[in-house]
Amino acid sequence: MRIGLFAVGRLKTGPEKDLAGRYLDRFAKAGPAVGLELARVVEVGESRAANAETRKREEAAQLEKVLADGSLLVLLDERGKAIDSEAFASLLGSFRDSGKRDLTIAIGGADGLDPALHARADAILCLGKMTWPHQLVRILIAEQLYRAVTILSGHPYHRA
């Protein structure tokens, strides 16, 4: 299964980008052994529309442009379901085993994600009850993707 990340906002050169890149590189190297591969990371600029609803709609349109036909969609949203790392690995494994070829994980902008995306999503997850800047969310999800691969492969990185 090809997994892509979609993010509203661009990471500037610096430690956040380096750390996210390090975990995505680990994921890309370890994932194929368990049937998961890094497809791509797509960054789009934040909408400059005058109101939040329009910004969310415009950002959703950007996501729709890059979604592969039939792609599964996971949204990261502070109002989503909180799960632990093992449940996340299990979710990825079940998505992989469902026969779908593509999965996109979306990180919204400062205003969140459009309700139309919520209606279309296959899962809506949160990374805790706190609100995180998208730079840190990128690091957190990159690390969790790598951790999921290690859980699925039985590697000792995840010590539960």
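If you use our numbering, the sequence shown corresponds to residues 996 to 1155, in order. The beta carbon of each residue, even a glycine, is placed where N, CA and C say it ideally should be. Fair warning: this is a prediction, and the values are worked out from it, not measured in the lab.
Just grab the DSSP bridge partners of residue i for me.
| i | result |
| --- | --- |
| Asp1097 | Arg997 |
| Ala1002 | Glu1038, Ile1102 |
I need the straight-line Cα distance from residue i to residue j, nearest angstrom please.
| i | j | result |
| --- | --- | --- |
| Arg1017 | Pro1010 | 10 angstroms |
| Ala1084 | Leu1147 | 7 angstroms |
| Leu1000 | Leu1122 | 15 angstroms |
| Leu1058 | Ala1111 | 11 angstroms |
| Lys1076 | Arg1091 | 20 angstroms |
| Gly1149 | Lys1024 | 15 angstroms |
| Ala1143 | Leu1087 | 8 angstroms |
| Arg1005 | Val1039 | 7 angstroms |
Residue i lies in the alpha helix (DSSP H); which residues open and close that run?
| i | result |
| --- | --- |
| Arg1035 | Unbroken run through Arg1035 is the beta strand (DSSP E), 1032 to 1039; no alpha helix (DSSP H). |
| Asp1013 | 1010 to 1025 |
| Thr1145 | 1129 to 1148 |
Would you kindly report the start and end of the unbroken beta strand (DSSP E) that includes residue i?
| i | result |
| --- | --- |
| Ala1118 | 1118 to 1121 |
| Arg1043 | Where Arg1043 is concerned, there is no enclosing beta strand (DSSP E), given that its DSSP letter is neither H nor E. |
| Gly1075 | 1067 to 1077 |
DSSP three-state call for residue i: helix, strand or coil?
| i | result |
| --- | --- |
| Gly1104 | strand |
| Ala1084 | helix |
| Ala1063 | coil |
| Lys1051 | helix |
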